[in-house]
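Engineer:
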Amino acid sequence: EDKVVQSPLSLVVHEGDTVTLNCSYEVTNFRSLLWYKQEKKAPTFLFMLTSSGIEKKSGRLSSILDKKELFSILNITATQTGDSAVYLCAALNYGGSQGNLIFGKGTKLSVKP
Amino acid sequence: EPEVTQTPSHQVTQMGQEVILRCVPISNHLYFYWYRQILGQKVEFLVSFYNNEISEKSEIFDDQFSVERPDGSNFTLKIRSTKLEDSAMYFCASQPTAIRSNEQFFGPGTRLTVL
């Protein structure tokens, strides 16, 4: 059965801390690994990773994929209270003509002032 | 910036009733999806749709569920006879193409409460 596992499930840090969120996956027809940020309702896209070892960066956020060990990490440096959210990892399963996303349970990040 | 919209934001219904959840994907997108998230649980894939037909569906998407793109604009999810366990947040997503980008853009969701 395809699955995506995220850890930790929740994390409380103080502003300025650096955090690392983990995501491991076992997906039959894996194509890409996506990270989303979910604050209130809709998940908003952060990164899509398709190749191993290539870091993607956006401001204080960065992410990398290891296709050999089947995991990805999302780093957030100098955290701010606005980073508080649930961070979702999703593996794109591309078995046919159109893929679907298999989500992990998410990591709930709380950044305290 | 174009975005996926969904209506209603919250739907309350009695068990056994039919509901239709509506989505307007981003206008030039070709691939459409429905996901659901039961409170406190992970987001789960329901169905994908392209070229006016279902591409893939999960085990959750049984005979009680159907999807339609009636007018080239709206993308709807119908639940024929709702059950208590259908209570969840339902997200619609759209994607430009399968080749150029795998990014799926999510709508704000419809919270379905079945009483």
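Which chain is which? The protein sequence lines are A and B, in order. Residue 722 in the numbering used here sits at position 86 of the first sequence, and the numbers go up by one each step. Residue 145 in the numbering used here sits at position 103 of the second sequence, and the numbers go up by one each step. Quick reminder that beta carbons are idealized off the backbone N, C-alpha and C, glycines included.
So, for Ile96/B: in the same chain, excluding its five sequence neighbours on each side, which residues have a beta-carbon less than 8 Å away from its beta-carbon?
Structural biologist: On the second sequence, position 54 is the one that residue 96/B refers to. Taken in chain order, the residues that qualify are Val89, Ser90 and Val109.
Engineer: Short of 7 Å Cβ to Cβ, which residues in the segment 666 to 680 of chain A face chain B?
Structural biologist: Answer in chain order: Arg667, Ser668, Lys677, Ala678 and Pro679.
Engineer: Could you pull the start and end residues of the beta strand (DSSP E) that Leu657/A belongs to?
Structural biologist: Along the first sequence, one-based indexing puts residue 657/A at 21. Note, Leu657/A: beta strand (DSSP E), Val655 to Glu662.
Engineer: Would you mind sorting Arg78/B into buried or exposed? The rule is 16 or more other CB atoms within 10 Å of its CB.
Structural biologist: For the purposes of this step, residue 78/B is taken as residue 36 along the second sequence, with counting starting at 1. Classification for Arg78/B: buried.
Engineer: Verify the CB distance criterion: does Lys741/A have a CB-CB separation below 7 Å to chain B?
Structural biologist: Residue 741/A sits at position 105 when you count from the first residue of the first sequence. Yes, Lys741/A counts as interfacial toward chain B.
Engineer: Check this for me: beta carbons of Thr717/A and Asp653/A, under 7 Å apart or not?
Structural biologist: Stepping through the first sequence from its first residue, residue 717/A is reached at position 81. Stepping through the first sequence from its first residue, residue 653/A is reached at position 17. No, the pair does not count as a contact, with Cβ atoms beyond the cut-off.
Engineer: For Gly58/B, which residues of its own chain have a beta-carbon under 6 Å away from its beta-carbon, when the five flanking residues on both sides are left out?
Structural biologist: As a position in the second sequence, residue 58/B is number 16, starting the count at 1. Once the five neighbours on either side are set aside, the close Cβ partners of Gly58/B are Ser123.
Engineer: Can you find a CB in chain B that lies within less than 7 Å of the CB of Asn736/A?
Structural biologist: In the first sequence, residue 736/A corresponds to position 100, counting from 1. Yes, its Cβ sits closer than 7 Å to a Cβ of chain B.
Engineer: State the beta-bridge partners of Ser52/B as determined by DSSP.
Structural biologist: In the second sequence, the residue the question calls residue 52/B occupies position 10. A small fix is needed here, since residue 52/B is His in this sequence, not Ser. His52/B pairs with Arg153/B.
Engineer: Can you give the Cα-Cα distance for Asn93/B and Tyr73/B, rounded to whole angstroms?
Structural biologist: Position 51 of the second sequence, counting from 1, holds the residue named residue 93/B. Position 31 of the second sequence, counting from 1, holds the residue named residue 73/B. So the two alpha carbons sit approximately 8 Å from each other.
Engineer: Near Pro644/A, which residues of its chain fall below 7 Å by C-beta distance, leaving aside the five closest residues on each side in sequence?
Structural biologist: In the first sequence, residue 644/A corresponds to position 8, counting from 1. Same-chain partners within the cutoff: Thr743.
Engineer: How big is the Cα-Cα spacing for Trp76/B and Phe117/B?
Structural biologist: Looking up residue 76/B in the second sequence gives position 34. Looking up residue 117/B in the second sequence gives position 75. Distance between the alpha carbons of Trp76/B and Phe117/B is about 9 Å.
Engineer: Under 7 Å between C-beta atoms, does Gly58/B make it to chain A?
Structural biologist: Here residue 58/B refers to the residue found at position 16 of the second sequence. It does not; no Cβ of chain A falls within 7 Å.
Engineer: Once the 5 residues before and after Arg696/A are set aside, which same chain residues still bring their CB inside 7 Å of it?
Structural biologist: Reading the first sequence from its first residue, position 60 is the one you call residue 696/A. If we look at Arg696/A and ignore the five residues flanking it on each side, its Cβ neighbours are Ile712, Thr713 and Ala714.
Engineer: Output the distance between the C-alpha atoms of Arg142/B and Thr680/A, rounded to the nearest integer angstrom.
Structural biologist: The residue labelled residue 142/B in the question sits at position 100 within the second sequence. The residue labelled residue 680/A in the question sits at position 44 within the first sequence. Note that Arg142/B has pLDDT 49, beneath the 50 cutoff, so the model's placement of it is unreliable and the number below is only indicative. Near 19 Å, if we compare the C-alpha coordinates of Thr680/A and Arg142/B.
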